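Going line by line, the protein sequences match chains A and B. Per the working numbering, residue -7 is the first one in the first sequence, and the count goes up by one each step. Per the working numbering, residue -3 is the first one in the second sequence, and the count goes up by one each step. All C-beta atoms in this analysis are idealised placements derived from N, C-alpha and C, irrespective of residue type, glycine included. Small disclaimer: the values here were computed from a predicted structure and weren't measured. Worksheet for the structure shown next.
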Amino acid sequence: MTGPSVILPRIPPGLRLAFATATLAAVWLVVLPSIGRHPAVARHVRLMESRDVNPAAMVYTELEHLPLRPAWIERYLVLWPAGN
Amino acid sequence: MATDPGADLPRRGFHEDFAAILIGVALVTLALAIGWSTRPTEDAGSRKAFPKGWPNRLSATIDKPQTWSDAPQQALVVVDKKDKTKVKPVSIPILLGMTWVVGILAAGTLLRGRSLAAVLPGACFLALLGGLAYLMAAQKVINYYNLEYPLWALLVGLVIGNTIGVPKWLEAALQGEFLIKTGLVVFGAEVLFSRLLELGLPGLLTSWVVTPIVLVVTYLFGVHWLKIPSKSLCMVIAADMSVCGVSAAIATGAACKAKKEELSLAIGLSLLFTVAMMVVMPPFIQWAGIDPIVGGAWLGGTIDATGAVVAAGEMLGKNLDDKRPAEVAATVKMIQNSMIGIIAFAVAVYWAGWVDRDAAGPKTSLVAEAWRRFPKFILGFIGTSIVCSWLFTMSPELALLVDGAIQGFTSRLRGWLFCVGFICMGLQTNFRELAPTLASGRPLILYCLGQALNLVLSLAMASLTFGWLFRQGVTP
């Protein structure tokens, strides 16, 4: 087994993993849901959901709606018309 | 990126880059072939009938956990947006998504002439960890504030790597570099040069003039003024800040062979600044009285991540009930997305020809030396991009075929490959190597100064193009 890259000699490795896992579980199962209920955060989430926005999209292909040819740009089209 | 464990073992198979190209091209071809074989008989060329392209049957074989708020099991079903009582389970496609990753790792192992038995247990474990990272990223607060899955994949890997270390039975499966290279070849299908032709001159000017200037100036600033010892770190930071965040960092990081720690650092910086800019910029634009269309273009040119750009654009237009700021922002960002291929190729050529060139080595021609060092998988990335771009321009039907293959299969598969690739990177990352550079604060200074330049130039160009030169074109 390759040793951990950060040496914390007093705590056994299994215990360290259990502690880290418990911390992450507490953050994801308790802290984040409670943050999500905060009015400002809940409002942001509702706005994004109502507009079908996926803020976590890494590139445009992951967006809920492909930003294909907004109507205002029609006059600049180079390829075939969009309305077919 | 640094070499995977076992890369120096004797092999009879293909080089890692060629294995990535073979598998990536085969997967894109499979998606296109399946899409073509089940093409619709009516309205096949209608974007209105098929807004996300032709349905692709491979979409049933891959998915990721859905967003959840209170209980993680909510991630295993899709709730219909119109009728909340209708739910569709996605646990099978999620499991199949993991199976694709295991299959690709197995195929890569065989192509590279290594032992399959040594890889399979670790591959299954990594795929499960990938599912866990996706589940963490799907929590609504995380998801709607754009903290993308690579961050959580790195975290999962780091937690294991820095607590119990990497078990022996997992070592052979730690092929993060191979997974990311294969993911990039598949990703090439999404980088459609032809989209540039569709999106109009204002967006093109806003993103194509500013982005290369910011990229080059930031890189040179980091190397020559801040004197950051690693040129690849400067390049990855410059690319993720000036182009489009994580995806650009991955592509350029692979092109300039950045270390895992450098890529992790650049991605962490990018995501933290993305969240801050997504929240701060829309109210600032409104407060400063900047025209919403110009503001949308500014958001698109400066915020790193695509989803965050659209989210910020929506926030900008919410009081006006106006979709145009988000559309302008998304358009500018999409053009930047389309630049990844060209920038990764240019970086790979520059690195192979000039940065990595060994002055004390045997005298060979620049071209021969550059070719020897060139990361060959970039050719697969560019190749799939050119072929899909060409198909996209051939006819409306083929454009819908390409969109369907991307939306239904390749973008999801690419996500899984990157996710598991980042888990491997997290497991192998040793931040102590970066400690002196981190302690100096220079990467943060580089990011801040580069982003400041980006903000100024993008606002100037957005005002020029969307505010003045093409103003009539964006006014209803």
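A straight line joining the alpha-carbon of I281 (chain B) with that of P288 (chain B) spans about 8 angstroms. Taking 8 angstroms as the cut-off, the beta carbon of S454 (chain B) is found closer than this to the beta carbon of V206 (chain B). In this structure G337 (chain B) is in contact with F377 (chain B), their Cβ atoms being roughly 6 angstroms apart against a cut-off of 8 angstroms. Between L39 (chain A) and V137 (chain B), the C-beta gap is not smaller than 8 angstroms, which leaves the two residues out of contact. Counting C-beta atoms within 10 angstroms of its own C-beta, D79 (chain B) has fewer than 16 neighbours from the protein chains shown and is therefore classed as exposed. Cβ-Cβ separation between A251 (chain B) and A340 (chain B): approximately 5 angstroms, consistent with a contact (criterion under 8 angstroms).
With the criterion set as a beta carbon lying under 7 angstroms from some beta carbon of chain B, the members of the stretch 27 to 52 of chain A are I27, G28, V33, H36, V37, L39, M40, R43, V45, N46, P47, A48, A49, M50, V51 and Y52, in sequence order.
Below 8 angstroms, enough C-beta pairs join the stretch 250 to 267 of chain B and the stretch 369 to 376 of chain B to call them touching: three or more.
For Q135 (chain B), the pairing in a beta bridge is given by DSSP as B:W64. One finds L9, A12, T13 and L16 in chain A with Cβ atoms closer than 8 angstroms to the Cβ of V155 (chain B), taken in chain order.
Against M132 (chain B), the close residues of chain A are L16 and W20, in the order they occur along the chain (beta-carbon pairs closer than 9 angstroms).
Spanning the alpha carbons of V343 (chain B) and L21 (chain A) requires a straight line of approximately 42 angstroms. Only residues of its own chain outside the window of five on either side were considered, and among them S238, G446, L449, N450 and L453 have a CB closer than 7 angstroms to the CB of V210 (chain B), listed in chain order.
Going by C-alpha positions, G126 (chain B) is about 19 angstroms away from V51 (chain A). Going by beta carbons, D399 (chain B) and K60 (chain B) fall outside the 8 angstroms limit. Residue pairing for P85 (chain B): DSSP places it in a beta bridge opposite B:V73. Boundaries of the alpha helix (DSSP H) around S42 (chain A): P31 to S42. In this structure, the alpha-carbon of A18 (chain A) lies about 27 angstroms from that of A262 (chain B). V51 (chain A) carries a coil assignment under DSSP once its states are collapsed to helix, strand and coil.
Under the three-state reduction of DSSP output, V162 (chain B) falls in the strand class. Taking a C-beta distance under 8 angstroms as the contact criterion, I224 (chain B) and P439 (chain B) qualify as a contact pair.
By the Cβ rule, the stretch 298 to 312 of chain B counts as touching the stretch 41 to 55 of chain A, because three or more pairs are nearer than 8 angstroms. Per DSSP, G184 (chain B) lies in no alpha helix (DSSP H) segment and is marked neither H nor E. In this structure, the beta-carbon distance from L23 (chain B) to V182 (chain B) falls below 8 angstroms.
Non-local C-beta neighbours of L259 (chain B) in its own chain, meaning closer than 8 angstroms and more than five positions away in sequence, comprise M(-3), V232, A245, I246, G249 and M421, ordered along the chain. Distance from the Cα of T298 (chain B) is smallest, within the candidate group B:T105, B:W283, B:I441 and B:M277, for B:M277. For R320 (chain B), the enclosing alpha helix (DSSP H) begins and ends at R320 to S334.
Out of B:W350, B:F189 and B:T380, the CA that lies nearest to the CA of A366 (chain B) is found in B:W350. Pairwise C-beta distances place the stretch 107 to 116 of chain B in contact with the stretch 163 to 175 of chain B, as three or more of them are shorter than 8 angstroms.
For T302 (chain B), the residues of chain A that pass the 8 angstroms Cβ criterion are A49, M50, V51, Y52, E54 and L55, in the order they occur in the chain. Counting C-beta pairs closer than 8 angstroms gives fewer than three between the stretch 8 to 15 of chain A and the stretch 99 to 109 of chain B, which falls short of the contact rule. For Q424 (chain B), the enclosing alpha helix (DSSP H) starts and ends at S407 to Q424.
For a cut-off of 8 angstroms, the C-beta gap from A348 (chain B) to A27 (chain B) is around 30 angstroms, too long to register as a contact. Look at Q403 (chain B): its C-beta is under 8 angstroms from a C-beta on chain A. Counting along the chain, F14 (chain B) sits inside the alpha helix (DSSP H) bounded by residues E12 to S33. Nearest in C-alpha terms to A14 (chain A), of all of B:W165, B:L92, B:V155 and B:T406, is B:V155.
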